[in-house]
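Q: These protein sequences, in sequence, are chains A and B. Residues 95 to 583 in our numbering are what the first sequence spells out, letter by letter. Residues 22 to 225 in our numbering are what the second sequence spells out, letter by letter.
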Amino acid sequence: MLIENILLALSPYMLFICLLGVTLGILWGAMPGLSTTMAMALLIGLSATMDQYPAIMFMLGVYTGSVFGGAISAVLINIPGTPDAVPTMIEGHPLALRGEGGLALGTAIAASFIGNWVGIILLIVFIPVILLLALEFRSWEMFLLAMWGIAICGSMASGSSPLKGWISGWVGLLIAFVGLDSIHGVPRYTFGSLILEDGISYVPILIGLFGLTEVLKVLPQTSPAAIPTAVGRVVPPFRTIRKYARSAVRSGLIGTIIGAIPGAGANVASFLSYDIGRRRASPEEQKKWGKGSYEGIVCAEVANNANVGGSMLPTLTLGIPGNAAAAAILAALELKNVVVGPSIQIEHPGLIYFIYIALIVANFLMYGMAIALVKPCVKLFALPRTVLMPLILPLCVIGAFAVNLNFFDVYIMLAAGLVGYLLRRFGFPLAPMVLAVILGPLADENLRRSLLIFEDESWWSIIVDHPIGTVLVFVVLFTFYDGIFRRKG
Amino acid sequence: MYMSNPAEDALSREKKQIEASVFVGEEGEDPSTPNMNMVAALFLALFGLLAIYFAWDLSVPDSFYTAPGLLPILVGITLVGMAAGLAHTAWKSGASLRVLTRKNRLIAQFMADVENRRSLVLMGLVAAYVFAVDFLGFDLRIPLGFFTFQFGSYELFSIIALIAILKIFWRASYLYCALVAVGWVMALAAVFRYGFRILLPGSG
């Protein structure tokens with residue numbers, strides 16, 4: 095099965111599809127203001143037209159490419175292409191000003207390559223363990239897991255104000271309840287509308303919140319014109335990579351672990367790894383931090399790329415996306431009738447192997463294309479954002495429509511974009527809302543099922559007979575406690 | 022007079038966060054004022070109450086434990102609680118309920134900001150664009166020997182909307198705006214319609 099999947103992933107068509115995804119991802123990520131999630135959300139529509147395996151290959155290519163892409167504009171023009179590239183910008187741009195922009199980018203490319211490897215290896219090692227554990231999960235545990243996912247996503251995504259993250263998640267839950275309920279078929283929040291009985295698909299919500307909202311927010315701003323800079327040599331000497339090997343491994347571990355926590359995306363990974371790297375750097379190296387440190391670039395880039403593999407861990411094993419970009423992968427998989435979760439190995443034998451291989455292939459292609467695309471990207475930076483952002487609008491419309499060929503989804507996308515804009519203006523994060531829209535039906539159905547099972551059981555037997563559930567209850571309570579009390583201190 | 026640039030402000034804010042090693046948000050959401058939090062809390066509380074009211078009305082075909090409104094009611098109640106928490110935090114930070122009675126002043130303040138006005142114009146244009154594609158749908162097919170060229174409401178209204186938006190925000194000449202809009206929309210339509218064989222919105 096493994097050999098079959100390797101051969102399939104290495105077929106010329108698959109390599110082409112992956113190359114297309116990686117290229118689009120790098121170019122998208124390199125454009126200031128265009129985030130990884132936006133790329134993923136908008137390209138779901140495109141992947142919907144492909145067969146199952148090419149669609150997965152394409153989306154993983156986009157994911158891998160766009161996470162790196164943010165580093166290009168961060169280093170060369172001092173504007174991070176994606177938010178997680180801010181630490182790379184702080185260290186990379188001073189190097190570019192000293193004429194070492196090419197080397198800084200080359201280091202970022204090599205670090206991204208290493209980061210992806212760390213993420214993939216840890217994904218391969220831990221998936222069997224998590225799957226074994228996940229098979230023990232019943233309705234009660236799945237409900238608690240979904241609620242923990244939303245709670246921790248709220249905490250992580252909104253940083254200083256977890257309450258706002260949770261509120262965003264709770265609003266998402268209420269949106270998820272729209273439609274016929276899964277147990278009795280009773281219409282909820284449909285107000286007599288037949289079209290609402292099918293529920294609200296989360297793909298147009300994803301496109302609206304991360305595509306349209308960004309356009310509405312960024313386009314009216316009067317931003318400075320981007321000025322391309324000379325690049326110079328790109329491929330870094332091997333000794334540079336060897337010198338920072340320890341930082342790379344540490345950052346890879348941080349990136350993967352953060353990626354596996356729902357809601358904690360590449361941003362958290364790169365910020366945290368950069369911070370820890372700065373504290374642990376040698377006194378001589380510490381002096382360079384903030385003024386152009388290659389180690390700083392390694393820490394940030396390894397971590398945000400390792401996050402890709404990490405985020406796939408809960409996505410594939412539990413059906414809980416590690417971050418908003420992984421939610422787009424989940425959407426693409428669902429469109430191809432792939433139901434991820436504890437039974438993925440039984441229902442889709444061999445698919446996980448294909449995903450491993452696809453990630454490895456995407457990583458190699460990312461390395462090659464990143465080096466090849468550095469100079470064309472500099473030309474693209476000459477385009478002002480006032481030209482780039484409007485071009486996303488027709489893509490949002492087509493992306494929302496293409497999934498179900500239903501114009502109602504375009505209205506959902508429009509509404510999500512407007513609501514997303516308001517939420518952003520009022521300081522609410524958007525990722526918890528998307529996660530909640532995805533996990534809402536899972537939480538609802540499993541809570542009611544488990545309550546029915548527990549009807550004749552005492553609380554004591556529930557606690558004793560369901561140890562994983564009991565642990566999860568404490569984990570959920572601790573997440574809320576930590577968010578409310580620790581941050582106050 | 023020094024005019025602050027929002028993009029530069031955001032960048033310097035992020036730089037300061039990094040330098041202080043404090044992570045304050047995944048999405049890069051805007052910082053909000055206590056008054057804004059108070060307004061948000063009141064809207065959210067109302068939203069939560071409405072969610073409870075409509076969930077309460079749902080039929081219960083079987084046991085209470087499988088009631089379709091069970092989780093929506095629980096979520097609504099906790100949302101109202103969270104909104105109360107947000108209002109309490111906002112009040113402690115100096116927010117006042119009087120903000121709601123000064124509706125006209127709030128609107129005037131909002132409209133005084135040029136970026137807000139530009140945002141409203143953009144929202145209006147995007148909404149008009151979406152409605153036009155849906156309600157004024159048509160599909161033009163021109164046989165060109167070896168293939169049939171299609172042009173529908175998606176292409177037409179996308180081009181018109183893009184020209185208008187580019188003219189307002191990019192401020193280039195109409196010719197440049199039209200060239201960019203036509204080139205991009207036709208390329209996009211060709212990729213989706215002929216390349217991936219997807220029906221386009223509004224026409225087909």
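Backbone N, C-alpha and C define an ideal beta-carbon position, used for all residues, glycine too.
Using 8 Å as the threshold, is the stretch 208-227 of chain A in touch with the stretch 387-400 of chain A, meaning 3 or more CB pairs across them?
A: As far as the Cβ criterion goes, the stretch 208-227 of chain A touches the stretch 387-400 of chain A, which means the pair count is three or higher.
Q: With a cut-off of 8 Å, does the C-beta of B:D155 fall near any C-beta of chain A?
A: B:D155 counts as touching chain A.
Q: Identify which residue in A:P415, A:V343, A:G435 has its Cα closest to the Cα of A:P526.
A: Considering only alpha carbons, the answer is A:P415.
Q: Among the residues of its own chain, which have a CB less than 6 Å from the CB of B:I180, if the five just before and after it don't count?
A: Cβ within range, chain order: A202, V203, V206.
Q: Can you look up A:D369 in the DSSP assignment and give me helix, strand or coil?
A: Helix at A:D369.
Q: What does DSSP give as the partner residue(s) for B:P164 in the beta ladder?
A: DSSP, once it has assigned bridges, lists B:T169 as partnering B:P164.
Q: If you draw a straight line from the C-alpha of A:S364 to the C-alpha of A:S405, how long is it?
A: Rounded to the nearest angstrom, the two C-alpha atoms are 14 Å apart.
Q: I'd like the span of the alpha helix (DSSP H) that includes A:K311, first residue to last.
A: Counting along the chain, the alpha helix (DSSP H) containing A:K311 begins and ends at 307-312.
Q: Return the CA-CA distance between A:L104 and A:L445, expressed in angstroms with no decimal places.
A: Distance between the alpha carbons of A:L104 and A:L445 is about 15 Å.
Q: For B:L157, count neighbouring C-beta atoms within 10 Å of its own C-beta (all shown protein chains included) and say buried if the count is 16 or more, exposed if not.
A: It is exposed - the Cβ of B:L157 has fewer than 16 other Cβ atoms within 10 Å.
Q: Name the residue from A:G371, A:L216, A:L489 whose alpha carbon lies nearest to the alpha carbon of A:G353.
A: Looking at the Cα atoms, A:L216 is the closest of the given residues.
Q: Any Cβ of chain B within less than 8 Å of the Cβ of A:V567?
A: With 8 Å as the cut-off, A:V567 does not count as an interface residue toward chain B.
Q: Excluding the five sequence neighbours on either side, which residues of its own chain have a C-beta within less than 8 Å of the C-beta of B:E47, listed in chain order?
A: For B:E47, the predicted model reports a pLDDT of 46, less than 50, meaning its position is unreliable; a value from the coordinates is still stated below. Cβ neighbours of B:E47 beyond the five flanking positions: none.
Q: Taking A:A339 as part of the alpha helix (DSSP H), name the residues at either end of that continuous run.
A: Taken as a continuous stretch (DSSP letters only), the alpha helix (DSSP H) holding A:A339 covers 339-354.
Q: I need the DSSP call for B:P222, collapsed to helix, strand or coil.
A: If DSSP states are grouped into helix, strand and coil, B:P222 belongs with coil.
Q: Against B:F172, what residues of chain A qualify as contacts under a CB-to-CB distance less than 7 Å, listed in chain order?
A: Under the 7 Å cutoff, chain A gives no residues; its nearest Cβ is about 14 Å from B:F172.
Q: Under DSSP, the alpha helix (DSSP H) around A:T573 begins and ends at which residues?
A: First-last of the alpha helix (DSSP H) with A:T573: 561-575.
Q: What span of residues does the alpha helix (DSSP H) with B:T110 cover, start to end?
A: Segment 91-113, the alpha helix (DSSP H) holding B:T110.
Q: Could you tell me the alpha carbon to alpha carbon distance between B:Y215 and B:I186, rounded to whole angstroms?
A: About 27 Å.
Q: Taking 8 Å as the limit between beta carbons, can you name the residues of its chain near A:M153, skipping five residues before and five after?
A: Closer than 8 Å at Cβ, skipping near neighbours: G115, M134, L137, I138, S141, A422, I423, A426.
Q: Residues of the stretch 132-158 of chain A with a CB closer than 7 Å to any CB of chain B: list them in chain order, please.
A: Correct list: L140, T143.
Q: Less than 8 Å between the beta carbons of A:S233 and A:R519, yes or no?
A: Contact: no.
Q: Could you tell me the alpha carbon to alpha carbon distance between A:V161 and A:M460, rounded to whole angstroms?
A: Taking the straight line joining both Cα atoms gives about 10 Å.
Q: Could you check whether A:V169 and A:G119 sit closer than 8 Å to each other, using their CB atoms as the reference points?
A: No, these two residues do not count as a Cβ contact at 8 Å.
Q: Which residue from A:T284, A:K382, A:H442, A:A360 puts its Cα closest to that of A:A418?
A: Among A:T284, A:K382, A:H442, A:A360, the Cα nearest to that of A:A418 belongs to A:A360.
Q: So, is the C-beta of B:I128 closer than 8 Å to a C-beta in chain A?
A: Taking Cβ atoms only, chain A never reaches closer than 8 Å to B:I128, which makes this a no.
Q: Beta carbons nearer than 8 Å to chain B: which residues of the stretch 496-527 of chain A have them?
A: Hits within the stretch, in order: A496, L499, F501, V504, Y505, L508, G511, L512, Y515, L517, R518, R519, F520, G521, F522, P523, L524, A525.
Q: Less than 8 Å separating the beta-carbons of A:V491 and B:V154?
A: In contact: A:V491 and B:V154 (Cβ atoms closer than 8 Å).
Q: Ignore the nearest five residues each way along the sequence and tell me which others in A:M463's own chain have a CB closer than 8 Å to its CB.
A: Within the same chain, A:M463 has close Cβ partners L113, V116, T117, I120, G159.
Q: Taking only the alpha-carbon atoms, compute the straight-line gap between A:G413 and A:I218 and give it to the nearest angstrom.
A: Their backbone Cα atoms lie some 17 Å apart in a straight line.
Q: Suppose the cutoff is 7 Å on Cβ atoms and the five residues either side in sequence are ignored; what does the same chain contact list for A:L533 look like?
A: Within the same chain, A:L533 has close Cβ partners A240, G243, I244, I414.
Q: Do B:W191 and A:V481 come within 8 Å of each other at the CB atom, strictly closer than that value?
A: Closer than 8 Å, so yes.
Q: The alpha helix (DSSP H) with A:K258 in it runs from where to where?
A: From DSSP, the alpha helix (DSSP H) with A:K258 extends over 256-270.
Q: What runs of the beta strand (DSSP E), each 3 residues or longer, lie entirely inside the stretch 375-428 of chain A?
A: Qualifying beta strand (DSSP E) stretches: none in this window.
Q: Can you have a look at A:E98 and say buried or exposed, based on whether 16 or more other CB atoms are within 10 angstroms of its CB?
A: A:E98 should be labelled exposed.
Q: For A:P281, which residues does DSSP report across the bridge?
A: DSSP, once it has assigned bridges, lists A:L274 as partnering A:P281.
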